[in-house]
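Notes for the one structure printed next.
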Amino acid sequence: METERFLSRLAEDFRISLPDLRGLIGHFHREMARGLAGEESSLKMIPAFVGRPTGKEKGDFLALDLGGTNLRVLAVGLNGNGNASADAVERFVIPPALMSGAGQKLFDFMADCVKIFGQNHAISARRFQDIAFTFSFPVEQLAIASGRLNGWTKGFTATGVVGCDVVRLLCNALERKDLGFIHVAALTNDTVGTLAAGSYADPACDMGVILGTGTNACYPEKIPRIHKISELAPAGDEMIINMEWGNFDKVAGNRYDQLLDDASSNPGRQRFEKMVSGMYIGELARIILVEMMAQGHLFQGAKSLAFAEAYSLTAKQMALTARGGDFFADFGLADCSAADSKIAGEICRIVSRRSARLAAAAIAAVVSWRDAALDGRHVIAGDGSLLEKYPGFQEAMQEALRELYGEQAARIIIQPVHDGSGIGAAIIAAVAGSGQAK
111 METERFLSRL AEDFRISLPD LRGLIGHFHR EMARGLAGEE SSLKMIPAFV GRPTGKEKGD
171 FLALDLGGTN LRVLAVGLNG NGNASADAVE RFVIPPALMS GAGQKLFDFM ADCVKIFGQN
231 HAISARRFQD IAFTFSFPVE QLAIASGRLN GWTKGFTATG VVGCDVVRLL CNALERKDLG
291 FIHVAALTND TVGTLAAGSY ADPACDMGVI LGTGTNACYP EKIPRIHKIS ELAPAGDEMI
351 INMEWGNFDK VAGNRYDQLL DDASSNPGRQ RFEKMVSGMY IGELARIILV EMMAQGHLFQ
411 GAKSLAFAEA YSLTAKQMAL TARGGDFFAD FGLADCSAAD SKIAGEICRI VSRRSARLAA
471 AAIAAVVSWR DAALDGRHVI AGDGSLLEKY PGFQEAMQEA LRELYGEQAA RIIIQPVHDG
531 SGIGAAIIAA VAGSGQAK
């Protein structure tokens, strides 16, 4: 009975009701308006200085994608008929020492990877004189190929980068590695790339969303509504806005959220991301498991160090419970009871369900900002492991959308887009070269 009461309280702590969903949408709209006006806001609403593609862009491009602990280099071909292909792809693991060391060494490593890629795939690097740089960290974009890093996330702390133009740092590294003939045509992030990849293939695509290790979103905004950059507006009637919605801070957290935030490397920041993204939902579940063990609700009260290490439980392991399994063997607890497995599964369901409902409300906020009556069809280009690999996650999102909009929710279509951070970046570079960017 004590265990049941604990789980009941936990479900209430993580519950997102229909009034909560509606209230969150209102908060999002107010923060969006402030961000677009250049006022203080938890949503940075960063102009990407580029619009959506037409689907007719063509050419061959390199793409360099730094989105987390892996770096990718790609050769991308665009055929001008809405079809894009990654003709060659190579992945490199970022050494932990470079994530926390001198920034110049990190960028030199990236330039080395570009050189190795050309050698490994027998690609004449001089054929690819334009490279798109996907840099999926909070950046204040200054132009289509210029942006200052506002602050590291995802465990990076490399020195000498925050406050600097990351394109200039990459160009300097390319020069040092005798690759100065390569021109950085566009700076983007995985979210903008995902929207570009989605809208290149489908003109109805009007939002890009990442739901993976981190979370973010972007959408095309009408230029007259972007008050803070009116004098810098590119040709056309819209510009993609990178929301950086991971920093949205108008959602009331619970005591587990506070424990996670207090112990994080960036307390007080990325509050929405810490409730939604794959990097953090495992940690929330771990904190709850540790508390339940301490209170004797799990593993017969045994004092175990199995879950003592922060971030040792991942969203990928949580997903096992949604398939009827558990993750105990990974922590040396293979002989645990079916009751323990059921409790762990319920914890993971409660935490992941809140994540999905919050993500759905945020998507609804952006869609309703563009189309208050939900008159049109809206395709959401989505990427990330939660969206694609966590059983039941999309269904929980769609349930929340139905609560908000009833039958009209069918007009919001979440379409997984693969490799937006690579192929999409190349599309952005093509758009930049076509004169639709500034």
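Going by the working numbering, the sequence shown runs without a break in its numbering and finishes at 548. Even for Gly, the Cβ is constructed at its ideal location relative to N, Cα and C.
Residue range of the beta strand (DSSP E) that Arg487 falls in?
In this chain, Arg487 is not harboured by any beta strand (DSSP E), its DSSP state being neither H nor E.
For Asn177 versus Val271, is the C-beta spacing smaller than 7 Å?
The sequence shown places Gly at residue 177, not Asn. Not in contact: Gly177 and Val271 (Cβ atoms no closer than 7 Å).
For Asp275, which beta-bridge partners are listed by DSSP?
Arg258
Inspect the CB distances between the region 468-475 and the region 391-398 and report whether three or more fall short of 8 Å.
no
CB contact flag (Gly532, Gly322, <7 Å):
no
Proximal residues to Phe503 (C-beta, below 7 Å), its chain only, five neighbours per side dropped
Spatial neighbours of Phe503 in its own chain (CB-CB distance under 7 Å, excluding positions within 5 residues in sequence) are listed in chain order as Ser462, Ala466, Leu496 and Leu497.
Which parts of the region 459-524 are runs of the beta strand (DSSP E), unbroken and 3 residues or longer, counting only runs that do not cross its ends?
488-493
Closest residue to Ile351 among Pro330, Ala362, Asp529 and Asp275 (Cα-Cα distance):
Ile351 has its Cα closest to that of Pro330, out of Pro330, Ala362, Asp529 and Asp275.
In terms of alpha-carbon separation, which member of Phe438, Val476 and Ala207 lies closest to Met428?
Phe438
Proximity winner among Ser118, Ala536 and Arg335, relative to Phe245 (alpha-carbon distances)
Ala536
Strictly by DSSP, which residues pair up with Met349?
Listed as beta-bridge partners of Met349 by DSSP are Glu331.
Tell me where the beta strand (DSSP E) around Met317 begins and ends.
Cys315 to Leu321
Measure the Cβ-Cβ separation of Gly303 and Gly324 and say whether it is below 7 Å.
no
Any contact of the region 171-186 with the region 200-207, i.e. 3+ C-beta pairs under 8 Å?
Yes: at least three Cβ pairs fall under 8 Å.
Mind checking Leu370: buried by the 16 CB within 10 Å criterion, or exposed?
Buried, since its Cβ has 16 or more Cβ neighbours within 10 Å.
Can you tell me which of the three DSSP states Ala425 falls into?
Ala425: helix per DSSP, three-state reduction.
Reducing DSSP to helix, strand and coil, say where Leu202 ends up.
The sequence shown places Phe at residue 202, not Leu. Per DSSP, reduced to three states, the secondary structure at Phe202 is strand.
Start and end of the beta strand (DSSP E) containing Gln251?
In the DSSP assignment, Gln251 falls within the unbroken beta strand (DSSP E) covering Val249 to Ala253.
Just to confirm, is the Cβ distance from Val489 to Cys315 under 7 Å?
yes
If you draw a straight line from the alpha carbon of Val431 to that of Leu399, how long is it in whole angstroms?
It is worth fixing the name first, because residue 431 is Thr in this sequence and not Val. Approximately 14 Å, taken between the alpha carbons.
What are the start and end residues of the beta strand (DSSP E) that includes Val183?
Asn180 to Asn189
Report, in whole angstroms, the separation of the C-beta atoms of Ala542 and Ala295, which I expect to be a contact under 8 Å.
5 Å
Just the C-alpha distance for Asp481 and Asn193, rounded to the nearest angstrom, thanks.
28 Å
What is the DSSP secondary structure of Ala418, reduced to helix, strand or coil?
coil
Using the DSSP secondary-structure output, state which residues sit across from Val294 in a beta bridge.
Ile241
For His231, which residues from the same chain have a beta carbon less than 6 Å from its beta carbon, with the 5 sequence-adjacent residues on both sides left out?
In chain order, Ala198 place their CB closer than 6 Å to the CB of His231, counting only its own chain and leaving out the 5 sequence neighbours on each side.
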